[in-house]
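Single-structure report; data block below.
There are 2 protein chains.
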Amino acid sequence: MATYEELQRMPMSDLRAEFRSGRYIGHTAAMGAGLLQANLAILPEADAIDFFRFCQRNPKPCPLVGVSDTGDPLMRTLGDIDIRTDVPSYNVYRDGELTEQVPDLKDLWRDDLVAFALGCSFTFERALAEAGLPLRHVEQNKIVSMYKTSIPLVPAGKFGGGTVCSMRPFSPENAERAARISRQFPQAHGAPLHIGDPAKIGVSDIDKPDWGDVTEFRSNEIPVFWACGVTPQNALLRARPTLCITHTPGSMLITDVPEDAEVTVLAPAA
Amino acid sequence: MATYEELQRMPMSDLRAEFRSGRYIGHTAAMGAGLLQANLAILPEADAIDFFRFCQRNPKPCPLVGVSDTGDPLMRTLGDIDIRTDVPSYNVYRDGELTEQVPDLKDLWRDDLVAFALGCSFTFERALAEAGLPLRHVEQNKIVSMYKTSIPLVPAGKFGGGTVCSMRPFSPENAERAARISRQFPQAHGAPLHIGDPAKIGVSDIDKPDWGDVTEFRSNEIPVFWACGVTPQNALLRARPTLCITHTPGSMLITDVPEDAEVTVLAPAA
């Protein structure tokens, strides 16, 4: 059994073999350096076109980076990916209720399922860190603060609800830099949705996040809110599809797509 | 009847009233300054999810900027748009053959139709012009040269084929600037697919475009190839859906979305 530190340093092919075999079922933070990580949502085709529209209409919380053919577990545009096995751990929801947590989907995959991969914040967080912008929750080994907000989503069919934001504290100057850098990653939530005043987006108490840990603010720091991948998770639960399979939070799909790629599609062989 | 020059200067609400009434059925170049223009493809829902996947997988030739609900002619995320009337002229294809050219879809709209809006090159061309990069075909009042290329598309269901590129000549320095500027417009084909050698992308004679006019090259100029909106048009014809409705070439959908917006979706009222 590889240690977490060994997994962090593994080349992607070895790392994927660990996931594929079921030997590792934990989180994927800081693994697969330079590669795009993604949230996963698998739905029956009957719900797929509305969820597709929901993502197209809400590209900041739901940046689509790949969609499988109906019934095909291979997500070829994202690399050598078998979506039945290549995520460390999966959550299975039936009628909106979590019923199982499983290490693979070998027994659950069906001919009518469509898999959606959505970009996640790891991508822009890595870019911020490389630009020398400190991430408090990373420094303190905490989970980023996340909040329900009043920022409306554009509905599509049964999918809708409110936008969930993650929040990171920065000095005003660093907030501007962080906004400029993250805008370059539309596949990973893009620019912040709001900077400065939590009340303006319906957050009444910054010290009471709806998910994650409380964030420590230092003098002169202001909150910077980004659209968060919990948004589509919430929209899925709220819609209560007969079956919905997601990654287990933190345990993401690591793709073969470079995270600074202009488009999140690997070109086919010419 | 407004003149072309009057139409170019009209505010969008008046301009759309001209289109909506059927009084103007011509092209939309240089109209609706600062607003995103789009290619249009309307398909029965049975073909829609595969076309949706086709666009997701080929974002440079097919940058999706809006998708209607099934049967709903109002494209709310793009503004005050009734897709049955708000494009100056429509082409109707049945089983892959052009059968009609009509000024509205009042008699053709059906409950199972889905409308897709795809970004177009007008957006990045305006940005290039504003940056002082001369566009030969605009200066000479010609149609840009377009070529079938060997750059493969990622197929989805019955949709596939090859990438069509438009080509604009620049000095090597201006080519690099044009690449940098256009990369900022993922909703409008993004960065060039190729710069320099037509043979590398399967174009054997630069003086024989497959569509549009021949381009005059001046000393020291090299060809710069961008993915082109003719690509999805071709893929649609090739797939031969029972019904497909597009804009008439040059006669685009002008949206209410600013063409420099980070996302091509107008926020709903909070």
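Read top to bottom, the protein sequences are chains S and Z. So for the first sequence, our numbering puts the first residue at 3; every next one is plus one. So for the second sequence, our numbering puts the first residue at 3; every next one is plus one. Just so you know, even glycine gets a beta-carbon here, dropped at the ideal spot from N, CA and C.
In the DSSP assignment, Z/M148 forms a beta bridge with Z/S168 and Z/W213. In terms of Cβ geometry, Z/S253 and Z/T30 form a close pair [threshold 7 Å].
Taking one beta carbon from each stretch, the segment 111 to 128 of chain S and the segment 37 to 48 of chain S have 3 or more pairs nearer than 8 Å; the two touch. Close CB contacts of S/D88 within its chain, under the 7 Å cut and outside five residues either way in sequence, are with R18, F21, R22 and L255 (chain order).
Annotated three-state conformation of S/H139 is helix, per DSSP. Residue burial annotation: Z/T244 is exposed, with fewer than 16 other C-beta atoms found within 10 angstroms of its C-beta. Think of a sphere of 7 Å around the beta carbon of Z/L66: the chain S residues whose beta carbon falls inside it are Q58, in chain order. Against chain Z, the beta carbon of S/G24 has no neighbour under 9 Å; the closest one sits roughly 29 Å away. Taking 7 Å as the cut-off, the Cβ atoms of S/V226 and S/A190 do not count as close. Between Z/G231 and Z/C122, the C-beta spacing is below 7 Å. No Cβ of chain S is located within less than 7 Å of the beta carbon of Z/V259.
No Cβ-Cβ contact shorter than 7 Å links S/A237 with S/F172. Between the segment 199 to 208 of chain S and the segment 148 to 155 of chain S, the count of C-beta pairs closer than 8 Å reaches three or more; the two stretches touch. About 12 Å separates the beta carbon of Z/Y6 from that of Z/P90, a gap too long to meet the 8 Å contact definition.
S/V69 reaches chain Z at R55 and Q58, counting residues in chain order whose Cβ is nearer than 7 Å. The beta-carbon of Z/G134 is placed no less than 7 Å from the nearest beta-carbon of chain S. Counting only the Cα atoms, Z/V265 lies some 29 Å from S/L76.
Non-local beta-carbon contacts of Z/T125 in its own chain, meaning distances under 8 Å to residues more than five positions away in sequence, involve L38, Q39, F187, Q189, A190 and E261 in chain order.
Residues of the segment 170 to 199 of chain Z with a C-beta less than 7 Å from any C-beta of chain S: R185, P188, G192 and A193, listed in chain order. Comparing C-alpha distances from S/T257 to each of S/E178, S/D71 and S/N41 shows the shortest one belongs to S/N41. Sequence-distant Cβ neighbours of Z/T79 in its own chain, meaning closer than 7 Å and more than five residues away, are G68, V267 and L268.
Counting along the chain, the unbroken beta strand (DSSP E) around S/D258 starts and ends at L255 to P260. S/C167 and S/G192 have their C-alpha atoms some 12 Å from each other. Ranked by how close their Cα comes to the Cα of S/G164, the residues S/A241, S/N176 and S/D74 have S/A241 in first place.
Relative to the Cα of Z/P174, the nearest Cα in the group Z/V146, Z/V140, Z/L135 and Z/V156 belongs to Z/L135.
By DSSP's assignment, Z/C246 forms a beta bridge with Z/Y95.
Rounded to the nearest whole angstrom, the CA to CA distance from S/V140 to S/T217 is 11 Å. Per DSSP, reduced to three states, the secondary structure at Z/T79 is helical. Following the DSSP letters along the chain, one finds Z/Q39 inside the beta strand (DSSP E) bounded by residues L37 to P46. The beta carbons of Z/L9 and Z/G98 sit no closer together than 7 Å. Scanning chain S for C-beta atoms nearer than 7 Å to the C-beta of Z/P61 yields V265 and V267, reported in chain order.
In this model, S/P251 and S/C64 are separated by some 15 Å (Cα to Cα).
Rounded to whole angstroms, the gap between the alpha carbons of Z/A50 and S/E223 is 47 Å.
For S/I203, no CB of chain Z lies under 7 Å from its own CB, so it is not counted at the interface with that chain. Distance from the CA atom of Z/D209 to the CA atom of Z/L120, rounded to whole angstroms, is 28 Å. For S/I183, the enclosing alpha helix (DSSP H) stretches over residues P174 to S184.
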